[in-house]
Amino acid sequence: MAGSTRARKTNGGSASGNRRLVIVESPAKARKIASYLGNDFVVESSKGHIRDLPRGAADVPAKYKGQPWARLGVDVDHDFEPLYVVTPDKKATVAELKELLKDVDELYLATDGDREGEAIAWHLLDTLKPKVPVRRMVFHEITEPAILAAAANPRDLDQDLVDAQETRRILDRLYGYEVSPVLWKKVMPKLSAGRVQSVATRIVVERERERMKFVSASYWDVSATMDAGAEASPRTFGARLVAVDGTRLATGRDFESTGRLKEGAEVRVLDEAQARAIAAGLADATMTVSSVEEKPYTRKPYAPFMTSTLQQEAGRKLRFSADRTMRTAQKLYENGYITYMRTDSTTLSTTAITAARAQATELYGAQYVAKEPRQYNRKVKNAQEAHEAIRPAGEVFRTPGEVARELESDEFKLYELIWQRTIASQMADARGNTTSVRISGTTTDGDNVTFAASGRTITFAGFLKAYVETVDSEAGGESDDAESRLPQLVKDQSLTAAELSADGHSTSPPPRFTEASLIKTMEELGIGRPSTYASIISTVQDRGYVWKKGSALVPSWVAFAVVGLLERHFGRLVDYDFTAALEDELDGIAAGRQERTTWLSGFYFGGNVGPESSVGRSGGLKKLVGSSVEQIDAREVNSIPLFVDLEGRTVVVRVGRYGPYLEREVEGPDGEQTSQRANLPDDLPPDELNRAVAEKLFATPQEGRSLGTDPVTGNEIVAKEGRFGPYVTEVLPEAPEGTKKAPKPRTGSLFKTMSLDTVTLDDALRLLSLPRVVGKDPETGAEITAQNGRYGPYLKKGTDSRSLTSEDQLFTVTLDEALKIYAEPKKRGRAAAAPPLKELGADPVSGKPMVVKEGRFGPYVTDGEMNASLRKSDSVEGLTDERAAELLAEKRAKGPVTKKKAPVRKKAPAKSKS
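Residue numbers for the sequence shown follow this note's numbering, so the first one is 152 and each next one is one higher.
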């Protein structure tokens, strides 16, 4: 049977000789597990979920199409019974599994041990309807001892866990299908709302609002380089002015976000003149050490990784996205290198603690290992099931050096991170000393000043020998291994100031979220699950709610409109406390304290579920949405007021059907108020849209800057700012009445070296001359053209494209030069068909090898028969066989793309409601 794996070992066989079919989620996991089990086991993969709620009307079986609940895929009037359909790309898999069941005596469902894994096992059981005994096989690492132990000690399916996961799936469907249409109607089509997705978007939007409202405050102080004399080591050290005449100087933390001092702050704010005067007045002064305070400090090791902290640290240290981290961790887990990677636990098993302590002793010495085993127990809000922390797999940990040749680059980096963190967790505390010094002096003007200096030295590195956590790049801070040494100083010791400098400072707005800091905030608020954070962050980016500027997450104006609508009209749905409380209620279902149907009914129709003022106690989701839609003013929710310009006019961002734009009311030539609009560049962060930028955008006419007349056509040529950047175009005369298809004007994007202010008519005419015919291939007669594309200048001959090295070549390349370029072997690049960017394994459906190539619109995966574009959250280097196969399967499920507008071809109806 295609894809099935017969176990090769004999030590895992049963005495009874019964044949067992073991089903896991992925082919990689199947291969690894099969290598540990005996000949009586056949291991097969379901390749993920085999069925789900209908994705659209075409998925709904014919016999349910007339039902009022069919659009939801959930029969809300009959115990919220879900309508599950086998996805088209999994029908062959289900048929194979049913065939394999005919020849076995038992079925072992060996999907992951969390809620989602339990639900996959239940779906397999409900779909396959086996006539043989069924057991649940659970393990948290894929090593031979763990697999053999799991096979020898199976358990029954945990229906409470299944109910908890299915409730989440139904809840998310109800939320999305009830709220998303409101966004389509009031904001723009194709938007989506989600139980966690919308709250995550709100967090990012609220931070940007804080940045937009922020008013920077300025303050000054004096920095000094103090000289302790020739015998001191180090001789010089830095100090900073902290007080004048006994009054503390203001620092950034003393100011409100409005730029004003906090109420009750008893501080002195120096301006530039005062700071310079103090610096000048201390030029030849003798300074005196007024106090020296030394304190020992101890730093305990970091806890081993759980899902959220792994995502955060991989983001900070390795620059991995959360999605990339989880896909890499999944591969490490499935191939037996680490324990299960979806966990909220920081505990380690006794075996793991022993392994970590032994390895730390071997590598660093006994003095670097904690005297007693360390256990990191924590009370986690909305905790995942009792898994172990993420650690290297096995009873003896393999060092990064031992696995280096077996792992790809991303896998090695992540394994090394996990290994270091686990080893460090069992090591001794880091110890050191901190020193705080105060230095006094008097200026020539009689001001009594106080400078401060601080130092930190590490006297015993302890766990820092193995691992140091990285500081968030946006938030800043000092790493745990940073040292700053001061000389030995004593009270009343005389010093001189070798250098004095008046320094100006400005307060900064709160930093934007990175993926790491957003995950940390969501976890602290109790919102969502760490196992879903990666997909949530990918979703808000794919939906266009958030985009990245470097590592920072920036909300779009569409996100402002959506969050504003939800806050005003569906506040409970995006309230942080209520969202966290919802997780508690769902956990009650997992623990068996809450009955699923009763809870869903209360949430949807209204009932005594949840805390006071919750959605359920306020009438339910259906009533909340239904009673609010008509009250929503679309223009109001799509208008984001920014500020008042110098003439007292309110400047707003409007979110229109085709994107956001800037608008204000101005007086027209006839004295009447008229709307003035301006295009908004997609890459302009909201907090950078200030008055000066707005005036510049308003000053750029929407009709464009006239460059002159094309001497050949007589048409006016204009330069415009468009949504996707600056471009030039021609203004065509109005088409005669009755013309069915009006001609389209020529357009050309400006080169990177050009700007709207300086582009000339000659520049524009050259741009509009593209694509330029270079000539014909004398051998084939095919026309060769030079074109400017999304990824730069290139030559095109039929379907064969070759990159050019510069924009100038578009106008200068000759036929001979073009033929010479085509005579050369294809180079790796966007225009190249070979070699591929990455080679992968065989596609489980077609059986053909998969490769990643660079296409006109970015990288895509192909098996030679089907092409599927990589998503924004996918990276070429991080793409796995399983992810590639998933993308191809999704593309197959959508069916072929047809050019003519016609109804989507309906998929074959399912035979039953379940």
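Backbone N, C-alpha and C fix where the C-beta goes; we use that ideal spot for every residue, glycine too.
Beta-carbon spacing of residue i, residue j below 8 Å
{"i": "residue 1030", "j": "residue 994", "result": "no"}
{"i": "residue 379", "j": "residue 646", "result": "yes"}
{"i": "residue 650", "j": "residue 609", "result": "no"}
{"i": "residue 642", "j": "residue 562", "result": "no"}
{"i": "residue 884", "j": "residue 700", "result": "no"}
{"i": "residue 795", "j": "residue 845", "result": "no"}
{"i": "residue 869", "j": "residue 879", "result": "yes"}
{"i": "residue 957", "j": "residue 944", "result": "yes"}
{"i": "residue 710", "j": "residue 697", "result": "yes"}
{"i": "residue 590", "j": "residue 569", "result": "no"}
{"i": "residue 445", "j": "residue 584", "result": "yes"}
{"i": "residue 521", "j": "residue 454", "result": "no"}
{"i": "residue 436", "j": "residue 601", "result": "no"}
{"i": "residue 872", "j": "residue 897", "result": "no"}
{"i": "residue 275", "j": "residue 184", "result": "no"}
{"i": "residue 227", "j": "residue 812", "result": "no"}
{"i": "residue 338", "j": "residue 789", "result": "yes"}
{"i": "residue 269", "j": "residue 313", "result": "yes"}
Residue i burial status per 10 Å Cβ neighbour count (16 or more: buried)
{"i": "residue 909", "result": "exposed"}
{"i": "residue 171", "result": "buried"}
{"i": "residue 753", "result": "buried"}
{"i": "residue 816", "result": "exposed"}
{"i": "residue 809", "result": "exposed"}
{"i": "residue 855", "result": "buried"}
{"i": "residue 230", "result": "exposed"}
{"i": "residue 962", "result": "exposed"}
{"i": "residue 841", "result": "exposed"}
{"i": "residue 822", "result": "exposed"}
{"i": "residue 166", "result": "Unreliable positioning characterises residue 166 in this predicted model, as indicated by a pLDDT of 46, which lies under 50. A coordinate reading is not provided."}
{"i": "residue 671", "result": "buried"}
{"i": "residue 797", "result": "exposed"}
{"i": "residue 913", "result": "exposed"}
{"i": "residue 663", "result": "buried"}
{"i": "residue 576", "result": "buried"}
{"i": "residue 335", "result": "exposed"}
Strand pairing of residue i, partner residues [DSSP]
{"i": "residue 811", "result": "806"}
{"i": "residue 304", "result": "DSSP lists no partner for residue 304."}
{"i": "residue 698", "result": "705"}
{"i": "residue 868", "result": "859, 881"}
{"i": "residue 639", "result": "Answer by DSSP bridge pairing: none, since residue 639 is not bridged."}
Presumed contact (8 Å Cβ cut-off) between residue i and residue j, rounded CB distance
{"i": "residue 825", "j": "residue 350", "result": "With 8 Å as the limit, residue 825 and residue 350 do not qualify as a contact, their Cβ atoms being about 40 Å apart."}
{"i": "residue 527", "j": "residue 571", "result": "Not quite, the Cβ-Cβ distance comes to about 16 Å (not below 8 Å), so this is no contact."}
{"i": "residue 603", "j": "residue 390", "result": "6 Å"}
{"i": "residue 964", "j": "residue 924", "result": "In fact, because the Cβ distance is near 11 Å, the residues do not count as touching under 8 Å."}
{"i": "residue 267", "j": "residue 316", "result": "6 Å"}
{"i": "residue 432", "j": "residue 596", "result": "5 Å"}
{"i": "residue 189", "j": "residue 491", "result": "Not really, about 24 Å apart at Cβ, beyond 8 Å."}
{"i": "residue 613", "j": "residue 648", "result": "Incorrect: roughly 37 Å between the Cβ atoms, too far for contact."}
{"i": "residue 355", "j": "residue 669", "result": "7 Å"}
{"i": "residue 548", "j": "residue 507", "result": "7 Å"}
{"i": "residue 805", "j": "residue 814", "result": "5 Å"}
{"i": "residue 667", "j": "residue 463", "result": "4 Å"}
{"i": "residue 400", "j": "residue 418", "result": "6 Å"}
{"i": "residue 907", "j": "residue 851", "result": "7 Å"}
Cβ-heavy atom distance, residue i to the ligand MN, below 7 Å
{"i": "residue 660", "result": "Absent from the structure shown: the ligand MN. Ligands present: none."}
For the stretch 543–554 against the stretch 468–481, do three or more pairs of beta-carbon atoms, one drawn from each stretch, fall closer than 8 Å, so that the two count as touching? no
Please confirm if the stretch 745–760 is in contact with the stretch 314–324, defined as three or more CB-CB distances below 8 Å between the two stretches. yes
The stretch 337–352 contacting the stretch 666–682, beta-carbon criterion three pairs below 8 Å: yes
So does the stretch 715–726 actually touch the stretch 761–780, counting three or more Cβ pairs closer than 8 Å? yes
So does the stretch 1002–1017 actually touch the stretch 685–692, counting three or more Cβ pairs closer than 8 Å? no
If contact is defined by three or more beta carbon pairs under 8 Å, each pair taking one atom from either stretch, is the stretch 239–253 in contact with the stretch 187–203? yes
Could you check whether the stretch 214–226 touches the stretch 324–333, counting it as contact only if at least three pairs of C-beta atoms, one from each stretch, sit closer than 8 Å? yes
Can you confirm whether the stretch 252–262 touches the stretch 296–311 when touching is taken to mean that 3 or more C-beta pairs between the two stretches lie within less than 8 Å? yes
If you pair each beta-carbon of the stretch 652–667 with each one of the stretch 413–429, do three or more pairs fall below 8 Å? yes
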